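In the working numbering, the protein residues as written are 1 to 219.
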């Protein structure tokens, strides 16, 4: 597990002795979840930072009063970290809901210990600030695209959060996807047709497409 931790950007360049000082057996918890099970949400006690070890999980918008997620935001895979953005906003509930999309193994690290790890090493602090800065830039781009972009650009932004290597599988119904993107179903299908005609998407089956990553980057 320490090897998996050290491969994440926030640990890059941090002395191994510093990592092992804060992340030892007593401070790490590994949990396994089955498909549909909630791994983390606003009702989770004791804020934690979590590393995806194996499997795939979905991130949904803040749960409604009945406990159901309202919109799919992104997909988490092995090596992804979550919970880190909320470290210094512990008075506010975790804004998302993490749901297993199959069998999932997650490594949990105590939030308060993680803060001490960041605050007592300059490289760890620098890595954390870089991660948060990149996230802010990314979110600003996403806001800009979703408020002023075309249907094609909205779809591309969603695809980039859910793509696996060069394959995109629609993780929900087309009606749900059009609602998430704020466009009509007809506009969604036209966007898919347009991207297919431009050679960006190659349909493999009903809900799966191969993606030309170079062309997407140009857009």
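From the three backbone atoms N, C-alpha and C, an ideal C-beta is built for every residue, glycine too.
Computed from a predicted structure; not experimentally measured.
Review point. Can you name, in chain order, every residue of its own chain whose Cβ lies under 7 angstroms from the Cβ of residue 174, other than the five neighbours on each side?
Key: The count along the chain shown starts at 1 and reaches residue 174 at position 174. Within the same chain, residue 174 has close Cβ partners 185 and 188.
**Study point:** Secondary structure of residue 54, DSSP reduced to three states
**Key:** Against the chain shown, residue 54 aligns to sequence position 54. Of the three classes helix, strand and coil, the one that applies to residue 54 here is strand, per DSSP.
**Study point:** Proximity to residue 107 [Cα-Cα], best of 43, 79, 137 and 149
**Key:** Residue mapping note: residue 107 aligns to position 107 of the chain shown, counting from 1. Out of 43, 79, 137 and 149, 79 has the C-alpha closest to the C-alpha of residue 107.
Exercise for review: Report the three-state DSSP secondary structure of residue 213 (helix, strand or coil).
Suggested key: One-based indexing of the chain shown puts residue 213 at position 213. Helix at residue 213.
Point to revise | Extent of the continuous alpha helix (DSSP H) to which residue 195 belongs | key: For the purposes of this step, residue 195 is taken as the residue at position 195 of the chain shown. Element bounds for residue 195: 185-197.
Exercise for review: For the alpha helix (DSSP H) containing residue 115, list its first residue and its last residue.
Suggested key: Residue 115 sits at position 115 when you count from the first residue of the chain shown. Looking at the DSSP string, the run of the alpha helix (DSSP H) that includes residue 115 is 111-119.
Review point. Can you tell me whether residue 139 is buried or exposed, with buried defined as 16 or more other CB within 10 angstroms of its CB?
Key: Here the question's residue 139 lines up with position 139 in the chain shown. When all chains shown are included, residue 139 counts as exposed.
Check your understanding: If we count the other Cβ atoms within 10 Å of its Cβ and call it buried at 16 or more, is residue 69 buried or exposed?
Key -> Along the chain shown, read from residue 1 onward, the residue named residue 69 stands at position 69. Bear in mind that the predicted position of residue 69 carries a pLDDT of just 45, short of 50, making it unreliable; the figure below should be weighed with that in mind. It is buried - the Cβ of residue 69 has at least 16 other Cβ atoms within 10 Å.
Review point. Which parts of the segment 90-177 are runs of the beta strand (DSSP E), unbroken and 3 residues or longer, counting only runs that do not cross its ends?
Key: 97-100, 104-110 and 167-169
Review point. Three or more beta-carbon pairs under 8 angstroms between the segment 23-32 and the segment 100-115, yes or no?
Key: yes
Practice item. Kindly indicate if chain D contains any beta-carbon less than 8 angstroms away from that of residue 161. Key: Of the chains in the structure shown, none is chain D; there is only one protein chain.
Review point. Counting pairs of Cβ atoms below 8 angstroms between the segment 123-132 and the segment 47-60, do you hit three or more?
Key: no
Review point. Exposed or buried, which one is residue 14 when buried takes at least 16 other CB atoms within 10 Å?
Key: What you label residue 14 is simply residue 14 of the chain shown in a count that begins at 1. Classification for residue 14: buried.
Review point. Going by the CB atoms, is the gap between residue 209 and residue 203 shorter than 8 angstroms?
Key: Position 203 of the chain shown, counted from the first residue, corresponds to residue 203. Position 209 of the chain shown, counted from the first residue, corresponds to residue 209. Yes.
Check your understanding: How far does the alpha helix (DSSP H) with residue 16 in it reach, from first residue to last?
Key -> One-based indexing of the chain shown puts residue 16 at position 16. Residues 16-22.
Check your understanding: At what residues does the beta strand (DSSP E) containing residue 45 begin and finish?
Key -> To locate residue 45, count along the chain shown from 1; it is residue 45. Where residue 45 is concerned, there is no enclosing beta strand (DSSP E), given that its DSSP letter is neither H nor E.
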